[in-house]
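In the working numbering, the protein residues as written are 61 to 217. Below is one structure; the comments refer to it alone.
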Amino acid sequence: MRRLPFLAIVLGLGGLIPFVAGAAALLFFPAAVPVPRLLAAFIDYGAVILAFLGAVHWGLALAGDPHGVVVQPRLQRARLSLGVLPALVGWGALMIPLVASPLLALAVLLAGHLATAFVEARAGRRGLMPAGYTTLRWLLTAVVAFCVAAVLLARLV
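So, in structure tokens, the structure goes:
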């Protein structure tokens, strides 16, 4: 597969801004922000990004092999499934605050982001991801996980 475009790296890093800014506001300026609304926005963005991560795999499944090689049906099913599962986890996280603590939603988002990264790392080791994608994803996931875990732990204390 071809290398990851530089713009993808820049935009991926830019996608961290709401996580870092939201976590910083929730952790360091709780008196200056409406915490329930900001926490909801933080959860919402985490769910949106999970859906986006799934869309990467949906796109890979629909694009097929760039060299014209027939893609194995098992790989096609796995990519299509991974295209939908993160979005469903994100949707579940959005629904949790309607019936339970938003802290549970944060835990679900944390698990969803980490699980997606682990699955993608496995695909990367098998040569199924563009060069550099797994490295970028681990960097982005580390920041996301840190932000979500910090907010979760701070709200638990």
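Cβ atoms here follow ideal geometry from the backbone N, Cα and C, with glycine treated the same way.
Apart from the five residues just before and just after Leu212, which ones in its own chain have a Cβ nearer than 8 Å to its Cβ? Position 152 of the sequence shown, counted from the start, is the residue given in the question as residue 212. In its chain, beyond the 5 residues on either side, Leu163, Leu166, Ala167, Leu170 have a beta carbon closer than 8 Å to the beta carbon of Leu212.
Determine the direct distance from the alpha carbon of Gly187 to that of Leu100, and round the result to whole angstroms. Sequence index remark: in the sequence shown, residue 100 carries index 40 (1-based). Sequence index remark: in the sequence shown, residue 187 carries index 127 (1-based). The question names Leu, yet the displayed sequence has Ala at residue 100. Taking the straight line from one Cα to the other gives about 37 Å.
Between the Cα of Leu76 and those of Arg215, Ala214, Arg97, Leu200, spot the shortest distance and give me the residue it belongs to. Mapped onto the sequence shown, residue 76 falls at position 16. With distances taken between Cα atoms, Leu76 lies closest to Leu200.
If you measure between the beta carbons of Tyr150 and Ala181, is that distance less than 8 Å? Stepping through the sequence shown from its first residue, residue 150 is reached at position 90. Stepping through the sequence shown from its first residue, residue 181 is reached at position 121. According to the sequence as given, residue 150 is Gly; it is not Tyr. No, they are not a contact pair.
If you count every other CB in all the chains shown that lies within 10 Å of the CB of Ala147, and 16 or more means buried, which is it? Along the sequence shown, read from residue 1 onward, the residue named residue 147 stands at position 87. It is buried - the Cβ of Ala147 has at least 16 other Cβ atoms within 10 Å.
8 Å CB neighbourhood of Leu140 in its chain, flanking five on each side removed: Here residue 140 is taken as the residue at index 80 of the sequence shown, counted from 1. His117, Trp118, Ala121.
With DSSP as the reference, label Ala138 as helix, strand or coil. For the purposes of this step, residue 138 is taken as the residue at position 78 of the sequence shown. Judged by DSSP in its simplified three-state form, Ala138 adopts helix.
Leu145 and Gly184 closer than 8 Å at C-beta: As a working mapping, residue 145 is identified with position 85 in the sequence shown. As a working mapping, residue 184 is identified with position 124 in the sequence shown. Here Leu145 is not near Gly184, since their CB atoms are 8 Å or more apart.
On the three-state DSSP scale, how would you describe Ala68? What you label residue 68 is simply residue 8 of the sequence shown in a count that begins at 1. In the structure shown, Ala68 sits in a helix (DSSP, three-state: H, G or I).
Return yes when the Cβ of Ala153 is within less than 8 Å of the Cβ of Ala81, no when it is not. Reading the sequence shown from its first residue, position 21 is the one you call residue 81. Reading the sequence shown from its first residue, position 93 is the one you call residue 153. It is not a contact, given that the beta carbons lie outside the stated cut-off.
Expressed to the nearest angstrom, what Euclidean distance is found between the alpha-carbon atoms of Ser161 and Ala214? Stepping through the sequence shown from its first residue, residue 161 is reached at position 101. Stepping through the sequence shown from its first residue, residue 214 is reached at position 154. Computed Cα separation, rounded: 14 Å.
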